[in-house]
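Residues 272 to 644 (my numbering) are what the sequence shown spells out, left to right.
Where a beta carbon is used, it is the ideal one built from N, C-alpha and C, also for glycine.
Heads up: the structure comes next, in structure tokens.
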Amino acid sequence: MKITAVETSVVALPFDMGGPKPAFAGRPWDNLEILLVKVETEDGLVGWGEAFGHAAIPATKAAIDTIVGPLMIGRDAGDIQGLSRTILHSLHLLGRNGSFVYGYSGIEIALWDLAGKRANQPLYRLLGGRDRGPIPGYASLLAYNDDALAAKNTAAASARGYRFIKLHELTRSAVLASQKAAGDVPVMMDVNCAWSPPVARAMAASLVDDGLMWLEEPVWPPEDVEGLASVRAYGIPISAGENVAGLFGFKTLIDAGAIDIAQPSVTKIGGIAEMLKIFDLCEAHGIEVCPHSPYFGPGFIATLHIIQARMEKRMVEVLWLDMEANPFDPWVKGDKGLFAVPEGPGLGADPDPSVLARYRVGDVTRIDGRNRS
Ligand SMILES: [Mg+2]
């Protein structure tokens, strides 16, 4: 079935994270923004995707509106493997990790939504999975840079039913304060590539007896796989992968002995098919996969389906914040820290049009046969 239109739009959702909001890439982060991608086929069927994201949205939207969207018009929506090869090859000179791949990732998610709707199957079944019930969330606390606020929000997330907590704090004292507040709930530490390898090794040495479930992206820059491996040698499980390019980015991490847990991100890495390849690669090397998913739209819902189909010990990353409303409720909200996987065809979670209309910001851009250059 031919693709006839690609549409991009943004919603901005007011949120509360239990403390002052941080900056994101130097910009104030007042609202949670989601870049939505809608793909239509000639029979009128519609699929939804989400492309990365947050402060990168203006660049990703421009990449889709000007380059990636026009490339999709007239293509066979069911040929996902072929399109990933052809489109990503067409784009590779523009960067193997960045706006263009993020843009394609959002479109690819929409193609899977369409494929599931056409097959009348929820995505996780299309991927060969079965219903295993709701998925435990791990509460991914945003950066407070404040031990007391980190501990307070740890306690709140644990009280709401989350069975795992991840901090975005940079100090051992924050880890200890959070662990005290968490009781039996395991704590992870994500420092977003904050440290040079020598500093990261010193931090790992100081944290080694603290029982962290994992230490995430301790090393700057993220492509320094030998530096990361040198931190892993201290014995704390190391996770990384949200900033690498595609399957071969993970091969490089694994070949260097740098990670225990791989964290591919569906809205960044090239979409669902690329995620599945990374699961296969990691399985062959005895590496766990725990996807990166700080999302509240189709990116999050696609991640739920992938986890349901492929992850052995299931756990989904959920940013710890409360939104005023979300067009993808109830799927993005959870209940006592558990997240149901939609049973409807495809992603099984089309957005609520009235919520979309209420929170939409900026232009809706529609690429179709008429404006294809
Ligand atoms: Mg992270």
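**Request:** Report the rounded CA-to-CA distance for V502 versus N424, giving the unit in angstroms.
**Result:** 28 Å
**Asked** Exposed or buried, what is E614 when buried is set at 16 or more other beta-carbons lying within 10 Å of its beta-carbon?
**Response** exposed
**Asked** Roughly how many whole angstroms lie between the Cα atoms of R367 and K332?
**Response** 17 Å
**Prompt:** At a cut-off of 6 Å, is D531 close to ligand 1 when judged by its beta-carbon and the heavy atoms of the ligand?
**Reply:** With a threshold of 6 Å, the Cβ atom of D531 does not count as near ligand 1, since no heavy atom of the ligand is closer than that.
**Prompt:** Looking at the structure shown, is S644 part of a helix, part of a strand, or coil, going by DSSP?
**Reply:** In this prediction, S644 has a pLDDT of 46, which is less than 50 and means its spatial position is unreliable; nothing more can be read from the coordinates.
**Asked** Does ligand 2 have a heavy atom nearer than 6 Å to the CB of E487?
**Response** This structure lacks ligand 2; its bound ligands are ligand 1.
**Simplified DSSP state of A628, which is helix, strand or coil** = helix
**Residue(s) in a DSSP beta bridge with E321** = L307
**Candidates H576, I558, K548 and E304, of which the one nearest A527 by Cα** = I558
**Message:** Beta-carbon within less than 6 Å of A422's beta-carbon, same chain only, minus the 5 sequence neighbours each way: which residues are those?
**Reply:** A448, S449 and A452
**Prompt:** At a cut of 8 Å, does the stretch 606–624 reach the stretch 573–592 through at least three beta carbon pairs?
**Reply:** yes
**Asked** In this structure, what does DSSP give as the bridge partners for G408?
**Response** V587
**Item:** One or two residues paired with P285 in a DSSP bridge
**Value:** N302
**Message:** For K437, report the span of its beta strand (DSSP E) as first-last.
**Reply:** F435 to L438
**Item:** the stretch 380–395 contacting the stretch 537–544, beta-carbon criterion three pairs below 8 Å
**Value:** yes
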